[in-house]
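Colleague: If you read the sequences in order, they're chains A and B.
Okay, so the first sequence: first residue is 1476 according to the numbering used here, each after it adds one.
Okay, so the second sequence: first residue is 1476 according to the numbering used here, each after it adds one.
Glycine residues also receive a C-beta, built at the ideal position from the N, C-alpha and C atoms.
Here the structure is a predicted model, which means the values were calculated and not measured.
Have a look at this one before I ask anything.
There are 2 protein chains.
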Amino acid sequence: MGQDRVRIGVVAPASRLEPALAEAVLQLAEGLYPACPPELHFSPQCFLSSGHFAGDDDARASAFLAVANDERLDALWFARGGYGSCRLAERLLPQLTDAARRKTYLGYSDAGFLLAGLYKAGFGRLAHGPMPADIGRPGGEAAVKRALAFLVDGAADALEATVSPEKSTAAFNITVLSHLIGTPLQPDLTSHIVMLEEVAEAMYRIDRALFQITSNAAMRGVAGIMLGRCSPIPANQPDFQKTEEEVARYWCGRSGIPYLGRADIGHDVDNKIVPFGHWRARG
Amino acid sequence: MGQDRVRIGVVAPASRLEPALAEAVLQLAEGLYPACPPELHFSPQCFLSSGHFAGDDDARASAFLAVANDERLDALWFARGGYGSCRLAERLLPQLTDAARRKTYLGYSDAGFLLAGLYKAGFGRLAHGPMPADIGRPGGEAAVKRALAFLVDGAADALEATVSPEKSTAAFNITVLSHLIGTPLQPDLTSHIVMLEEVAEAMYRIDRALFQITSNAAMRGVAGIMLGRCSPIPANQPDFQKTEEEVARYWCGRSGIPYLGRADIGHDVDNKIVPFGHWRARG
């Protein structure tokens, strides 16, 4: 194995990944990089099943630590979201080594619980973006290709268009961010542009989560909020009579947080990559 | 109007109340107290409609303040839950007078946002319990009768059976409590027995909300958690393989919070009344 091959470990701290999706990602990667494909190591834990989760808490925590602390791997790629990362965070974070600290981490949705905790712990190479499971979406190859371009080449065109070296950014699923407010996982996002996206939550739930996010004293220090895509939004009973952008503007106005427009992120194949903090290309 | 008639104002800071339910509550009250029925004043605001809410934020806030600050009323009874109280809390709380501070407040579910904020502000007569809208449930007269027994007579048998003058208690809907963690509405529940109930949330959502509640540093100082009813729980995809009580025990165990068994509260006609803090009968 040449030293110039990027080595990526995939682990699933939340829900289970279908083996067929891992296989599709491996095939795509080989096709994209015929001369020097990245090494993609899917932890067998990705395919375990324990109720809602890809294996029980012990199995998921062990696999995460094995990948994160592996000196030979350059990146940890979250296999998919679903639910379950918050169950592991408190036990994982104290066990991460310097090898874990040097890695790049990429994921979104439920992975936001761990990205938040890692960012709070001072990890410097975290990003919100597509995961292997996205290959299961129609046209999902584009999302995985973007993730690989970022992980393998640090490709600037994989980034959300407004990301720049001068800005501190972060991105979260709205529900995930709301549920980590007030917990030890909440990072300091002062002076960050925070991009938020949602999927399959009714408007009253989006409104309630944005109440919590924008009411938190620390969150009122962000540089601004940008709203990603929130589709599909299930019907509200009764009709909410306000769009997600009207609701985001409302809570930003109430809380004195600048509303900075739409962000090109979401639970879809167009989901662009948003680094946490100031992104620096790997030297 | 004799001075011994209890005067109750009803207001709807969240969702709209059907007028027929108000009428049914008035008839029930007259039948229960033929000699000296309580005065029940349903604010016309209860019947307004603005999207998800019983009138827009201004209408709901104005009506709440009018009832809360009315010297002639003994109690403020939340008409129903739904969603919307969190939108009003920050603007309402600074405008409440001593007349508001002397009142008894009764409600649950979404009303928990305001009960929390009022408790944090030092209000002394707050309780979690049935609302007028509960008369719409099959057998709902029992719930409303219990609420009136509490509001009119301070009836001890309306209280949750484990409530005693020696204990500080509080009660919340799980989702509502999770969404006020880290906001200015979060009260100090140190040394309180906290009773939690839920309705119509999938197990993974209950688990996620309990992560947040039990991970918050201040919440780890509660005397214990009791679990009310959480039914109906929609099917989890995939099956969660754990009951709500197993999940509550799990998070209590993880966080060092004593799990103290089941509480007789819930979104149902058996919902008993839980005072906030040490309840003292009105002298």
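Please state the DSSP three-state secondary structure of L1634 (chain A).
Modeller: Strand at L1634 (chain A).
Colleague: Between which residues of its own chain and L1501 (chain A) is the CB-CB distance below 7 Å, once the five residues before and five after are set aside?
Modeller: Counting only Cβ-Cβ distances below 7 Å, and skipping sequence neighbours, we find L1515.
Colleague: Please list the partners that H1654 (chain A) has in chain B, where partner means a Cβ-to-Cβ separation under 8 Å.
Modeller: The contacting residues are S1653, R1683, A1684, F1686, Q1687.
Colleague: Give, in chain order, every residue of the region 1697 to 1730 of chain B whose Cβ lies closer than 8 Å to some Cβ of chain A.
Modeller: Listed by position along the chain: N1711, P1713, D1714, F1715, Q1716, K1717, R1729.
Colleague: Give every residue of the same chain whose Cβ lies closer than 6 Å to the Cβ of R1614 (chain B), excluding the five residues on either side of it in the sequence, and list them in chain order.
Modeller: A quick correction: the sequence has Gly, not Arg, at residue 1614 (chain B). Answer for G1614 (chain B): V1744, listed in chain order.
Colleague: Would the region 1656 to 1664 of chain B and the region 1604 to 1618 of chain B be scored as touching if the rule is three or more Cβ pairs under 8 Å?
Modeller: The region 1656 to 1664 of chain B is not in contact with the region 1604 to 1618 of chain B.
Colleague: Whole angstroms are fine: how far does the CA of P1513 (chain A) sit from the CA of A1504 (chain A)?
Modeller: Going by the C-alpha atoms only, they are around 7 Å apart.
Colleague: With a CB to CB cut of under 8 Å and the five nearest residues on each side skipped, what residues in its chain are close to I1649 (chain A)?
Modeller: The residues are L1671, E1672, E1673, E1676, I1681, A1684, L1685, I1688, C1705.
Colleague: Of all Cβ atoms in chain B, is any one closer than 9 Å to the Cβ of Y1558 (chain A)?
Modeller: With 9 Å as the cut-off, Y1558 (chain A) counts as an interface residue toward chain B.
Colleague: Hey, quick one: how far does the alpha helix (DSSP H) through H1654 (chain A) stretch, first residue to last?
Modeller: Taken as a continuous stretch (DSSP letters only), the alpha helix (DSSP H) holding H1654 (chain A) covers 1649 to 1655.
Colleague: Per DSSP, T1644 (chain B) forms a beta bridge with which residues?
Modeller: According to DSSP, T1644 (chain B) bridges with B:I1668, B:G1752.
Colleague: Rank A:A1487, A:G1557, A:L1496 by C-alpha distance to the C-alpha of L1523 (chain A) and give the top, closest one.
Modeller: Ranking A:A1487, A:G1557, A:L1496 by Cα distance to L1523 (chain A) puts A:A1487 first.
Colleague: Which partner residues does T1579 (chain A) have in the DSSP bridge list?
Modeller: T1579 (chain A) pairs with A:A1550.
Colleague: In three-state terms, what does DSSP make of L1507 (chain B)?
Modeller: If DSSP states are grouped into helix, strand and coil, L1507 (chain B) belongs with the helices.
Colleague: Going along the chain, which residues of the region 1512 to 1527 of chain A sit with their C-beta nearer than 8 Å to a C-beta in chain B?
Modeller: The region 1512 to 1527 of chain A vs chain B, Cβ under 8 Å: S1524, S1525, G1526, H1527.
Colleague: Taking C-beta pairs closer than 7 Å, name the residues in chain A that T1658 (chain B) reaches, listed in chain order.
Modeller: What T1658 (chain B) touches in chain A: Q1687, S1690, N1691.
Colleague: DSSP three-state call for V1542 (chain B): helix, strand or coil?
Modeller: Three-state DSSP puts V1542 (chain B) in a helix.
Colleague: Give the straight-line distance between the Cα atoms of I1668 (chain B) and G1752 (chain B), rounded to the nearest whole angstrom.
Modeller: Their Cα atoms are separated by approximately 9 Å.
Colleague: Among A:K1595, A:F1625, A:F1598, A:G1597, whose alpha-carbon lies nearest the alpha-carbon of G1604 (chain A)?
Modeller: Comparing Cα positions, the closest option is A:F1625.
Colleague: Give the range of the alpha helix (DSSP H) segment to which L1601 (chain B) is assigned.
Modeller: No alpha helix (DSSP H) holds L1601 (chain B); the beta strand (DSSP E) holding it covers 1601 to 1603.
Colleague: Apart from the five residues on each side of it in sequence, which residues of its chain come closer than 7 Å, Cβ to Cβ, to R1465 (chain A)?
Modeller: Because chain A in this structure spans residues 1476 to 1758, residue 1465 (chain A) falls outside the shown range and cannot be described.
Colleague: List the residues that DSSP assigns as beta-bridge partners of S1525 (chain B).
Modeller: Answer is B:F1528.
Colleague: For D1549 (chain B), count the other beta carbons within 10 Å of its own beta carbon; 16 or more makes it buried, fewer makes it exposed. Which is it?
Modeller: With 16 or more Cβ atoms within 10 Å of its Cβ, D1549 (chain B) is classed as buried.
Colleague: Measure the alpha-carbon distance for L1581 (chain A) versus W1726 (chain A) and round it to whole angstroms.
Modeller: Between L1581 (chain A) and W1726 (chain A), the C-alpha separation is close to 29 Å.
Colleague: Here's a check: name, in chain order, each residue in its chain whose Cβ is nearer than 7 Å to the Cβ of S1730 (chain A), leaving out the five neighbours to either side.
Modeller: Around S1730 (chain A): T1689, S1690, R1695.
Colleague: Comparing the C-beta of Y1679 (chain A) with each C-beta of chain E, is any distance below 9 Å?
Modeller: Chain labels in this structure do not include chain E; the protein chains are A and B.
Colleague: For the candidate residues B:Y1679, B:D1739, B:K1642, B:R1621, whose alpha-carbon lies nearest to that of L1507 (chain B)?
Modeller: Comparing Cα-Cα distances from L1507 (chain B) to each of B:Y1679, B:D1739, B:K1642, B:R1621, the minimum goes to B:R1621.
Colleague: Compare the Cα-Cα distances from I1708 (chain A) to each of A:E1720, A:A1698, A:M1678 and report the closest residue.
Modeller: Nearest option by C-alpha distance: A:M1678.
Colleague: What are the boundary residues of the alpha helix (DSSP H) that G1587 (chain A) is part of?
Modeller: Unbroken alpha helix (DSSP H) run through G1587 (chain A): 1587 to 1595.
Colleague: Exposed or buried, which one is T1579 (chain A) when buried takes at least 16 other CB atoms within 10 Å?
Modeller: With 16 or more Cβ atoms within 10 Å of its Cβ, T1579 (chain A) is classed as buried.
Colleague: With a cut-off of 9 Å, does the C-beta of G1758 (chain A) fall near any C-beta of chain B?
Modeller: Because the pLDDT of G1758 (chain A) is 46, which lies under 50, any placement of that residue in the model is unreliable, and the number read from its coordinates should be weighed accordingly. It does not; no Cβ of chain B falls within 9 Å.
Colleague: Would you mind telling me which residues of chain B sit closer than 8 Å to R1535 (chain A), beta carbon to beta carbon, in chain order?
Modeller: Neighbours of R1535 (chain A) on chain B: none; closest Cβ ~14 Å, over 8 Å.
Colleague: On the DSSP bridge assignment, give the partners of L1702 (chain A) in chain order.
Modeller: Answer is A:L1671, A:R1737.
Colleague: Can you tell me the Cβ-Cβ gap for G1556 (chain A) and S1584 (chain A), rounded? I've got them flagged as a contact below 8 Å.
Modeller: Sure, about 3 Å apart at Cβ, within 8 Å.
Colleague: Taking 7 Å as the limit between beta carbons, can you name the residues of its chain near I1732 (chain B), skipping five residues before and five after?
Modeller: Cβ neighbours of I1732 (chain B) beyond the five flanking positions: T1689, R1695, V1697, G1699, I1700.
Colleague: Would the beta-carbon of G1559 (chain A) fall within 9 Å of that of F1517 (chain A)?
Modeller: No, they are not a contact pair.
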